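Numbering (the numbering used here), first residue to last: 1 to 150. C-beta atoms are modelled at their ideal positions from N, C-alpha and C, and glycine is treated no differently. Here the structure is a predicted model, which means the values were calculated and not measured. The next block holds one structure in the form of structure tokens; read it before the comments.
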Ligand SMILES: [Cu+2]
């Protein structure tokens, strides 16, 4: 074998070693996210506010995980929480109907006029996706918001 042929072989072996090392590192990097344990369920707070002539949910967009709880807290004004049956993921309506306490209509909770009161829903076993909701008394003022279960 000539010197140049030996050099070529050495370079080729080194190149293969680099590729194998890179591939091993890549799989090592992605491993933790695949094996990460599910976190404990959380409780999130969404404020229901009337302020300066406006009515709003704060935050208006929230991302949670299935099993989490959302507590809508009355801060000012009188509000409620309602979901649109056609604006939640497939299969969510029946689960949501069972999970919502004190409803005055399908998927519509009672009003909470007293500061400090809250309306609480546990999103246990709910399908992933987008859940749009509203406050019935202030729907004409666009008091709307959304939850994402990821
Ligand atoms: Cu409202």
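DSSP three-state assignment for residue i, whether helix, strand or coil
i: residue 76; result: coil
i: residue 81; result: coil
i: residue 70; result: strand
i: residue 54; result: strand
Where the beta strand (DSSP E) containing residue i begins and where it ends
i: residue 120; result: 118-122
i: residue 145; result: 144-149
Contact check, residue i vs residue j, beta carbons under 7 Å
i: residue 62; j: residue 83; result: no
i: residue 109; j: residue 140; result: no
i: residue 75; j: residue 49; result: yes
i: residue 131; j: residue 107; result: no
i: residue 120; j: residue 71; result: yes
Contact test: residue i Cβ vs ligand 1 heavy atom, cutoff 6 Å
i: residue 137; result: yes
i: residue 65; result: no
i: residue 55; result: yes
i: residue 142; result: no
Residue i - containing alpha helix (DSSP H), residue span
i: residue 110; result: No alpha helix (DSSP H) holds residue 110; DSSP gives it neither H nor E.
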